[in-house]
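Below: the structure, in structure tokens.
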Amino acid sequence: MLEIRNLEAAYGHAKVLHDVSFRIEKGEMGFFIGRNGAGKTTLLKTIMGLLKPQSGSIRYGEEEISGKSPEELYPLGLRYVGQEKKVFANLTVRENIEVAAFGSHEPMDRALEKVIALYPKLKNFLHIKAGQLSGGQRQVLLVGRALVGDPKFLLIDEPTQGLAAVVIEDIGVILKKLKEQVSAAIVEQNLALVKYLADRVYILKEGKLAKEIKEKSEIADTQGMEEYL
Ligand SMILES: Nc1ncnc2c1ncn2[C@@H]1O[C@H](COP(=O)(O)OP(=O)(O)O)[C@@H](O)[C@H]1O
Ligand SMILES: [Mg+2]
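The sequence shown begins at 0 in numbering that gives the first Met the number 0 and counts up one residue at a time.
Here you go:
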């Protein structure tokens with residue numbers, strides 16, 4: 000579904016990604032872990048067309064998408080949920096979903112239904128300004144909003160960052176539901192969540208792929224991953 004080969008990316012002269020190759024099959028969730036500054040965000044941004052790769056290939060389905068813009072990738076079903084948790088703070092939750100529905104030509108009632116199916120409690124927050132949501136609620140809104148339209152592949156950057164343990168459990172439940180609907184590449188430092196959801200784990204270290212873990216039994220043993228965090 001998504002196959003990256005020999006990807007290199009840089010900010011100006013500062014090279015960040017070195018010869019990164021991996022694949023995520025349809026229906027899979029691939030997780031990316033690694034220390035701060037390892038290049039995880041840069042990797043997602045490069046796939047999503049927010050940063051042009053220097054070289055390498057990004058294949059999505061049958062198509063080479065390397066160098067395409069986010070606007071070109073949206074109709075192909077790629078969605079990006081960034082690390083910044085950016086919502087339209089002055090709009091209500093409902094209006095935030097409306098913007099996504101409008102942008103993707105999905106009827107609002109269907110969009111709303113989808114988001115609420117993902118997280119029923121959001122029903123109680125529809126009239127609240129998104130800027131007033133807690134970090135967890137905001138994250139739920141962002142992930143829910145990414146489901147509007149016809150998404151096929153989500154790129155999610157640190158969905159549980161800064162959230163309390165109980166909220167992280169909610170996010171786990173939501174991501175599990177997502178797994179039935181889409182494929183995904185997720186950056187995540189919470190190893191319990193990685194263990195619960197991952198089909199593949201890729202460890203990034205200083206912009207290079209240090210390790211790839213595909214065996215279920217190896218994913219279950221998260222001790223081996225801790226040294227890379
Ligand atoms: N906009 C930018 N301009 C220049 N350097 C950047 C920029 N964003 C990130 N970097 C650098 O790229 C490297 C990787 O950063 P990043 O991809 O954000 O890592 P991670 O998400 O794994 O913490 C770091 O050395 C960081 O300082
Ligand atoms: Mg990051």
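Virtual Cβ for every residue (Gly too), placed ideally from N, Cα, C.
Between which two residues does the alpha helix (DSSP H) harbouring residue i extend?
i	result
residue 92	92-103
residue 219	215-219
residue 243	Residue 243 is absent from the structure shown; the chain starts at 0 and stops at 228.
residue 191	190-196
residue 72	69-72
residue 83	Element bounds for residue 83: n/a, residue is neither H nor E.
Would residue i and residue j be called neighbours here (beta carbons separated by less than 9 Å)?
i	j	result
residue 39	residue 8	no
residue 89	residue 144	no
residue 30	residue 211	no
residue 208	residue 184	no
residue 137	residue 172	no
residue 48	residue 66	yes
residue 216	residue 28	no
residue 33	residue 203	yes
residue 23	residue 6	no
Looking at ligand 2, does it come within less than 8 Å of residue i, judged from the CB to the closest heavy atom?
i	result
residue 205	no
residue 156	yes
residue 40	yes
Provide the residue span of the beta strand (DSSP E) that contains residue i, from first to last.
i	result
residue 207	207-212
residue 77	77-80
residue 7	1-10
residue 88	Note, residue 88: premise wrong, no beta strand (DSSP E); not H, not E.
residue 203	199-204
Taking only beta-carbon positions, decide if residue i is within less than 9 Å of chain C.
i	result
residue 213	You won't find chain C in this structure, because it holds only one protein chain.
Report the CB separation of residue i from residue j in whole angstroms; it is logged as a contact under 8 Å.
i	j	result
residue 60	residue 3	The pair is not a contact, with the Cβ atoms about 13 Å apart (cut-off 8 Å).
residue 92	residue 124	5 Å
Any heavy atom of ligand 1 closer than 8 Å to the CB of residue i?
i	result
residue 35	yes
residue 82	yes
Note down, one range per segment and in chain order, each beta strand (DSSP E) of at least 3 residues found wholly within the stretch 14-66. 28-32 and 54-59
My parser needs the alpha helix (DSSP H) runs of 4 or more residues fully inside the stretch 99-155; what are they? If we require 4 residues or more, the alpha helix (DSSP H) runs fully inside the stretch 99-155 come out as 107-117 and 134-145.
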